[in-house]
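Peer 1: Quick one: structure below, then a few questions.
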Amino acid sequence: MGLNGCCSCVKYLMVLINILFWLIGLTIVITSVWALTDPTFVLSTTQSYKHYYIGVYIFLAIGLLITLGAFFGCCGVCRESQCLLVSFFCVILIVMVAQIAAGAWAFHNKDKLDDIVRASFKSSVQEEYGQSTMSTRTVTFDALQKI
Numbered sequence: 001m002g003l004n005g006c007c008s009c010v011k012y013l014m015v016l017i018n019i020l021f022w023l024i025g026l027t028i029v030i031t032s033v034w035a036l037t038d039p040t041f042v043l044s045t046t047q048s049y050k051h052y053y054i055g056v057y058i059f060l061a062i063g064l065l066i067t068l069g070a071f072f073g074c075c076g077v078c079r080e081s082q083c084l085l086v087s088f089f090c091v092i093l094i095v096m097v098a099q100i101a102a103g104a105w106a107f108h109n110k111d112k113l114d115d116i117v118r119a120s121f122k123s124s125v126q127e128e129y130g131q132s133t134m135s136t137r138t139v140t141f142d143a144l145q146k147i
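Residue 66 in full-length UniProt numbering is what sits at position 66 of the sequence shown, and the numbering runs on without skipping anything.
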């Protein structure tokens, strides 16, 4: 009885965690689709369209992968399907390896990334800050300065 109750508790916890990850993945997908389709977002955030679209497509792929993995996890736990649970494990493993690779790449290219971010911020402040009192860029920079 004790082990059976523990297994059902772990099962419900696994479903809850996978639903949370499904929502996070869906949020990432929606945000990246918005970033791809809103032309004003593109113009106000980047100087190089190539880097922007590469980043957004990577963000979209990560969101889709997390959503798919959470779906496999939920279905695998609910149906107690070994195939779906193995698929869930493979997706989680791919996400983990991708995160480690992205962290290593960012660490290796931190100087270049720092220069890109600084140039982008400098350009945004010089060209867009204060153009109108209620512009999104002005409000964002004012809020950042108050922190």
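Note that the Cβ used here is the ideal one computed from N, Cα and C, for glycine as well.
Everything numeric in this text was worked out from a predicted model, so none of it was measured.
Applying the 10 Å Cβ sphere with the 16-neighbour rule, what's the burial state of residue 78?
Peer 2: Here residue 78 refers to the residue found at position 78 when the sequence shown is read from its first residue. Residue 78 is exposed by the Cβ-count criterion.
Peer 1: What does a CB cutoff of less than 7 Å around residue 29 pick up in its chain, not counting 5 residues either side in sequence?
Peer 2: What you label residue 29 is simply residue 29 of the sequence shown in a count that begins at 1. Cβ within range, chain order: 60, 63, 64 and 67.
Peer 1: At the level of alpha carbons, what is the spacing between residue 76 and residue 85?
Peer 2: Counting from one through the sequence shown, the residue named residue 76 turns up at place 76. Counting from one through the sequence shown, the residue named residue 85 turns up at place 85. Rounded to whole angstroms, residue 76 to residue 85 spans 5 Å at the Cα level.
Peer 1: Which runs of the beta strand (DSSP E) spanning at least 3 residues fall entirely within the region 99-123, listed in chain order?
Peer 2: Segments of the beta strand (DSSP E) lying fully in the region 99-123: there are none.
Peer 1: If you drop the 5 nearest sequence neighbours on each side, which residues of the same chain put their C-beta closer than 6 Å to that of residue 1?
Peer 2: As a first step, residue 1 must be located in the sequence shown, where it is residue number 1. Summary for residue 1: the model assigns pLDDT 46, below 50, so the residue's position carries little reliability, and this model does not support an answer.
Peer 1: Check this for me: beta carbons of residue 56 and residue 32, under 7 Å apart or not?
Peer 2: For the purposes of this step, residue 56 is taken as the residue at position 56 of the sequence shown. For the purposes of this step, residue 32 is taken as the residue at position 32 of the sequence shown. In contact: residue 56 and residue 32 (Cβ atoms closer than 7 Å).
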